[in-house]
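Novice: In the working numbering, the protein residues as written are 32 to 285.
1) When burial is assigned at 16 or more other CB atoms within 10 Å of the CB, is residue 70 buried or exposed?
2) Residue 202 by DSSP, collapsed to three states: which one?
3) Can you have a look at residue 213 and say buried or exposed, based on whether 16 or more other CB atoms are within 10 angstroms of its CB?
4) Do you know whose CA, among 83, 99, 161, lies nearest residue 130's CA?
5) Answer yes if the region 135-149 comes into contact with the region 93-105, meaning at least three C-beta pairs across the two stretches below 8 Å, and no otherwise.
6) Just the Cα atoms here: how many angstroms apart are residue 282 and residue 216?
7) Near residue 35, which residues of its chain fall below 7 Å by C-beta distance, leaving aside the five closest residues on each side in sequence?
8) Is the separation between the beta-carbon of residue 276 and that of residue 249 shorter than 9 Å?
9) State buried or exposed for residue 80, treating a residue as buried only when at least 16 other CB atoms are found within 10 Å of its CB.
10) Please check the pair residue 203 and residue 234, which I expect to be a contact at CB under 8 Å, by giving their CB distance rounded to whole angstroms.
11) Does DSSP put residue 269 in a helix, a strand or coil?
12) What do you reckon, are the CB atoms on residue 210 and residue 178 nearer than 9 Å?
13) Tell me where the beta strand (DSSP E) around residue 106 begins and ends.
14) When burial is assigned at 16 or more other CB atoms within 10 Å of the CB, is residue 244 buried or exposed?
15) Rounded C-beta distance between residue 150 and residue 168? I'm assuming under 8 Å.
16) Count the other CB atoms within 10 Å of the CB of residue 73; is the residue buried (16 or more) or exposed (fewer)?
17) When you compare each of 253, 267, 246, 239 to residue 230 by their alpha carbons, which one comes out closest?
18) So the candidates are 182, 232, 222; which of them puts its Cα closest to the Cα of residue 143?
19) Whole beta strand (DSSP E) runs in the region 165-191 with 3 or more residues, listed along the chain?
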């Protein structure tokens, strides 16, 4: 009887030991699985961020220039976009510059001679030089681009443009558009203005800096009767050939 009890106790001890070992094994397996999953999650979280570039020609240009390092796949690495300060994609048959908002460190952007109907540069607040000539733009918002010094957007379909916030602007070419009103009185740094061939009925270039202008042109605006300037005598003397015959210079157009 005692032997049977001892044998039973040994079996019970072995069973408990086995269960204990099984428990340890399960804990180790669970810990390994957790570490493995955590490692996978960590790898996933470290995947580089990308920005969509849906226009094939835009991405092709970026790739050919060596700026798109992750291949032709409809996107660019965010780090690649943020590394650029100058970008020229002129005359590349581009229909959309979607994705340009990620190029937040651009100071120079040239995109002339494409098929752009719109462009959002509101996130490109470091832009100093911007040229978008010879596109199909109907509107252009530059209110956030307070560092702009050069703006060339000739030969588009732009009907209005607000430069009130662009106090550093030195050169502007808005010729060959559909502008009705152009007020540049807030842009005291301006020394070059080309507003020829529009539908202007109001033009104010009275910015306190007319005497330092290197260029001014307002011809081919058949509806423009009066151009507001700093000094009527100065403009009549030096700018008489830069307006239409029916237009006159005045220090206070009605």
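Yeah, the Cβ is synthetic: ideal placement off N, Cα and C, and Gly gets one too.
Specialist: Concretely, from the data shown:
1) Any reading at residue 70 must be qualified, since the residue scores a pLDDT of 46, below 50, and its modelled position is unreliable; the value itself is stated next. Its Cβ having fewer than 16 others within 10 Å, residue 70 is exposed.
2) strand
3) buried
4) 83
5) no
6) 12 Å
7) Low confidence applies to residue 35: its pLDDT is 48, below 50, so where it sits in the model is not reliable, and the reading given next is rough at best. Nothing listed; no residue qualifies.
8) no
9) exposed
10) Wrong, their Cβ atoms sit about 12 Å apart, outside the cutoff.
11) In the three-state reduction of the DSSP assignment, residue 269 falls in the helix class, which pools H, G and I.
12) Contact: no.
13) 106-108
14) buried
15) 7 Å
16) For residue 73, the predicted model reports a pLDDT of 47, less than 50, meaning its position is unreliable; a value from the coordinates is still stated below. By the 10 Å Cβ count, residue 73 comes out exposed.
17) 253
18) 182
19) You should have 181-183.
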